[in-house]
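Asker: Going by full-length UniProt numbering, the sequence shown opens with residue 1, and the numbers climb by one from there.
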Amino acid sequence: MPPRKACDTCFRRKIQCVIFSPGIPCDWCSNQNIPCTFTRGPQKKKQNALTPDAVYALSRRVEQLENDLARRDVEQQSASPRTEPKSSPNSQTQKTPSHVESQVAESPIGDVVSESAGVTPRLSHQQLGRNWYFRGMQILSRKGQDWIEAKTGQASPLEEYVAFEARGDLYTYTNSQAKHDLSALPARILPEKRATLAIVDEFFNSTADLCFPVLDRALISATIEQAYCPWNAAQSLPAQACVWALNSWTRFFSPSAGLLASVGIETCINECKSILERCHWEPSLEALQATLLLQQEYQGTPLNVQSDPSMHAIICHMICELLDSHQQETCREDPLKDRKRQHVDNLFSLCYILDKNIALRSGRPPLLTEEYYDGNFTSAAPGLTELPHDYPSDPKLNLVKERTCRLLYSPKAAKSSDGEILQYIRQLDYELEQWRLSVPRLIRPRLSIPPDFSPLIGEATRRQKKQLINLQLDYHYTLIAIHAMVRKCGAANEETELPEDLHSVVHSSVDISLEAGRSTLTFLGLSLKLLGRGASQYVQWYAPVAAMALFVNGLVHPLSDSLQIDLGVLIQAVGIFQSIPLDSLSSAETRQIETLNVPATVDALWYGVSHKGGARGSCFPPDQLRQFTVSPFPSTC
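1) Figure out for me which residue from Arg518, Cys17 and Glu321 has the closest Cα to the Cα of Ser562.
2) For Ile449, does the three-state DSSP call read helix, strand or coil?
3) Quick check: the stretch 219-227 against the stretch 344-352, are there 3 or more CB pairs under 8 Å?
4) My output table needs one value for Arg364: the three-state DSSP class, helix, strand or coil.
5) Cα separation between Ala417 and Tyr430?
6) Taking a contact to mean a Cβ-Cβ separation below 9 Å, would you say Asp216 touches Arg364 in this structure?
7) Against chain B, with Cβ distances strictly below 9 Å, would Thr369 count as a contact?
8) Thinking just about the alpha-carbon of each residue, which of Asp566, Ala484, Thr250 and Leu524 is nearest to the one in Ile576?
9) What number of angstroms, rounded off, separates the C-alpha of residue 641 from the C-alpha of Pro445?
10) Whose C-beta lies closer than 7 Å to the C-beta of Leu292 among residues of the same chain, with five residues either side of it excluded?
11) Can you grab the Cα-Cα spacing for the pair Leu311 / Asp355, in whole Å?
12) So, at 7 Å on beta carbons, what are the nonlocal neighbours of Ala413 in its own chain, with the 5 sequence-adjacent residues on each side left out?
13) Is the beta carbon of Cys405 sitting closer than 9 Å to the one on Leu368?
14) My assumption, with CB atoms under 8 Å, is that Cys268 sits in contact with Ser236. Please give the rounded CB distance.
15) How is Asn247 classed by DSSP in three states: helix, strand or coil?
16) Does DSSP put Val574 in a helix, a strand or coil?
17) When we look at the beta-carbon of Asp566 and count the other beta-carbons within 10 Å, is it buried (16 or more) or exposed?
18) Going by C-alpha distance, which of Arg188, Leu322, Ala549 and Gln467 is nearest Gly264?
19) Output the boundary residues of the alpha helix (DSSP H) element that contains Ile480.
20) Is the beta carbon of His317 within less than 8 Å of some heavy atom of the ligand FAD?
21) Candidates Leu471, Ser362, Gly419 and Pro25: which alpha carbon is nearest Asp390's?
22) Mind reading off the beta-carbon distance from Tyr477 to Tyr542? Whole number of angstroms is fine, and I expect it under 8 Å.
23) Under a three-way DSSP split, which group does Glu459 fall into?
24) How many whole angstroms separate the CB atoms of Thr522 and Pro440, which I take to be in contact at a CB cut-off of 8 Å?
25) Let me confirm a value: His503 is counted as buried when at least 16 other C-beta atoms fall within 10 Å, else exposed. Which label applies?
26) Buried or exposed: which applies to Thr301, given that a residue is buried once 16 or more other Cβ atoms fall within 10 Å of its Cβ?
27) Please report the distance separating the alpha-carbon of Gln289 from that of Cys242.
28) Cutting at 7 Å between CB atoms, please list the residues of its own chain near Ser513, excluding the five before and the five after it.
29) Smallest Cα separation from Tyr373: which of Glu202, Glu402 and Arg426?
30) Going by the CB atoms, is the gap between Leu526 and Ser454 shorter than 9 Å?
31) If you check the beta carbons only, do Trp231 and Cys272 fall under 9 Å apart?
32) Can you tell me whether Phe11 is helix, strand or coil according to DSSP?
33) Glu192: buried (16+ other C-beta within 10 angstroms of its C-beta) or exposed?
34) Taking its Cβ as the centre, do 16 or more other Cβ atoms sit within 10 Å of Val200, making it buried, or is it exposed?
35) By how many angstroms is the C-alpha of Gly534 removed from the C-alpha of Thr385?
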């Protein structure tokens, strides 16, 4: 039997074992004055799940995607309009203040793209979350980066793809154009009315209304009529902003060919923002809907949170003001008054859900708390087969998220002892399980998703299928947000082993978060066909957190028996995500998804398979893996 390279203590602690000469204790055991033994049994080597064929297939897919993206860019440049749209004689139009010209180069998004065209995009805390620790140390920090390099004994490639330093969000509303005098700018004609109506039809015919129910059919029809009213231009500004915001959503749908060819998405975003700024963001139902549509389009997905904090604060302020005004309004004659009041209540629930997502990802405190929520937190009535709402999540589940923010993510929680952290995790896990059991059985989430599980239930309705996907993914995400925080334990005694009872509890929570991560990636792959054009949005939101859970565990336990399983799940998931056609993605989505590829799969390969340059059970040399892993994907998910 060949001599072991590390003593039992160094092997258990996953540190480098330095033996200056045979027969004497290693450097660590000698300094700690403990026995240096080599009594552990031989480790079983599992067959590597990776094969040269898999690497070759993925490499070919990379080349194909790069060629497709280059060809699409050339086609878009040759087909992009350069002239102002002409209004047809039969179309109803209305002029609005313009913020900028329609050229992409002058828009905020255009600025971002041009500045970063030659730079590999990097994931931020808002995409990966702030719940990644080891013994109380934040892994996505400069100290965490140093720890990774000290642990592996080599430079970390992770810094190339993850922003360790706190920095501003990539897509924000801050722009020098806001300094201009809006009243002095020229007017711009609204998009054709029939184009706006076509977008509304697409909104309610697609899955968008089940994912982001920001519109009411009757109310938005009245808003459009008000926006195109030629004799009421001043009073219809919020309605006009809503029209521009609606037209910015064209990339999520497939309206009639050529109907919107002359109106750019960036133009719509800038016009909407210009009008809202001119109105000083005064609260109104039309302004709130426009702001929500603008925020979600600007972020690239209705689930994402990469937004300007001030924009989110404006939304929370608007909804609170509207809720208060509609509750006090009694004498105003309005045939749609009751419908507006109900829609404001629905929008408050939607904003409450989005607020919790932002709080968990960004580390900022929730702005809409349980005390101000006027909705219904009660469980679904017995016998129901679906939830009575179409929000992207369940408000009752987001109540658990709010308590998670307060107990595990707040500045006060940073001072919690190990016992308090475990108590809070146990309490939140119990509340989460009670919520899960309250969900109708047909759409009830489950912890483990087998590879042969199918969310496409034959007898289920479209609404039930959408609710099943939303609840299942959000349940797994909440599980990871709760149980991944168990790695904060042990911060007080970094140099000593955790007590056996504490070590057992910690690993129990870690196992739950790992299973949730694996199941998230598996479930996403199984749901792509049902999600359709919206699949990339779900991948952007859920895949990074799920992959990060597996990556952190591989970093902490590089010799874990589950490492090869996790690597197989990651590679299989990326292969499925790559099947999303490029023509269903916008340029912004393509660049956002590009950032998901490397950290989710490649760095896990680099650390897990090639850790310490050892190729533990790997059939690929580290240089070959490294060369493959850093190849920039144009769109991989």
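Each residue gets a CB set at the ideal place from its N, CA and C atoms; glycine is no exception.
In this text, all values refer to a predicted model and were calculated from it rather than measured experimentally.
Answerer: With the given structure in hand:
1) Arg518
2) coil
3) no
4) In the displayed model, Arg364 falls within coil according to three-state DSSP, outside both helix and strand.
5) Before going further, note that residue 417 is Ser rather than Ala in the sequence given. Between Ser417 and Tyr430, the C-alpha separation is close to 20 Å.
6) no
7) Chain labels in this structure do not include chain B; a single protein chain is all it has.
8) Leu524
9) Outside the shown range of the chain, which is 1 to 637, sits residue 641, and nothing can be said about it.
10) Taken in chain order, the residues that qualify are Val214 and Ile315.
11) In the sequence under discussion, the amino acid at residue 311 is Met, which differs from the Leu named in the question. Taking the straight line joining both Cα atoms gives about 12 Å.
12) Leu407
13) Taking a C-beta distance under 9 Å as the contact criterion, Cys405 and Leu368 do not qualify as a contact pair.
14) Contact between Cys268 and Ser236 fails: their C-beta atoms lie close to 17 Å from each other, not under 8 Å.
15) helix
16) helix
17) With 16 or more other Cβ atoms within 10 Å, it is buried.
18) When each option's Cα is compared against that of Gly264, the closest is Arg188.
19) Arg462 to His483
20) Annotation note on the ligand FAD: not contained in the displayed structure, which lists no ligands.
21) Leu471
22) 6 Å
23) coil
24) Actually they are not in contact, since the Cβ atoms of Thr522 and Pro440 sit about 23 Å apart, beyond 8 Å.
25) exposed
26) At Thr301 the pLDDT is 46, less than 50, meaning the model places this residue with poor confidence and gives no usable figure here.
27) 7 Å
28) Answer for Ser513: Leu479, Ile480, His483, Ala484 and Ala549, listed in chain order.
29) Its Cα nearest to that of Tyr373, the residue Glu402 stands out among Glu202, Glu402 and Arg426.
30) yes
31) no
32) In this structure, DSSP gives Phe11 a helical state, which the three-state scheme calls helix.
33) Around the C-beta of Glu192, 16 or more other C-beta atoms lie within 10 Å, and the residue is accordingly described as buried.
34) buried
35) Between Thr385 and Gly534, the C-alpha separation is close to 24 Å.
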